[in-house]
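Okay, structure first, notes after.
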Amino acid sequence: MINSILSFLLAGGLLTTGGCLAAMSSHGQDLDALDDDELLDGLGDLTPRERRRRLAVYQRRVRDQIAEEQEMAWLRARIKGYVGD
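As structure tokens, then:
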């Protein structure tokens, strides 16, 4: 009797642990590997938490792109200043 109860508890614990690990691994998806279309595809069907995660990645990409463009413009201006001197 005790063995069957312990087996039942062990099986329940393993199922719960497996479910938690599966849920955590789906949230650990590498969003940086996705392009913008894949990142924003089906955004309305996602949970609010996953939507915020994806939008944060997209926002970071846009900020990085803007910073890179500003840096390139600054470098061009500096080079133009040196060449003009």
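Going left to right, the sequence shown walks through residues -22 to -1, 1 to 63 as mature numbering (1 follows the signal peptide of the UniProt record, and there is no 0) numbers them. By construction, the Cβ of each residue, glycine as well, lies at the ideal position given by its N, Cα and C atoms.
- With respect to the C-alpha of D15, the residue from V35, G(-10), W52, Y60 having the closest C-alpha is V35.
- Within the same chain, Cβ atoms closer than 8 Å to the Cβ of L17 are found at L9, R32, V35, Y36, the five residues on either side in sequence being excluded.
- In the structure shown, D10 adopts helical secondary structure according to DSSP, grouped into three states.
- Boundaries of the alpha helix (DSSP H) harbouring D42: 26 to 62, taken from the DSSP string.
- Looking only at G59, S(-16), R54, R39, the smallest Cα-Cα distance to A11 is reached by R39.
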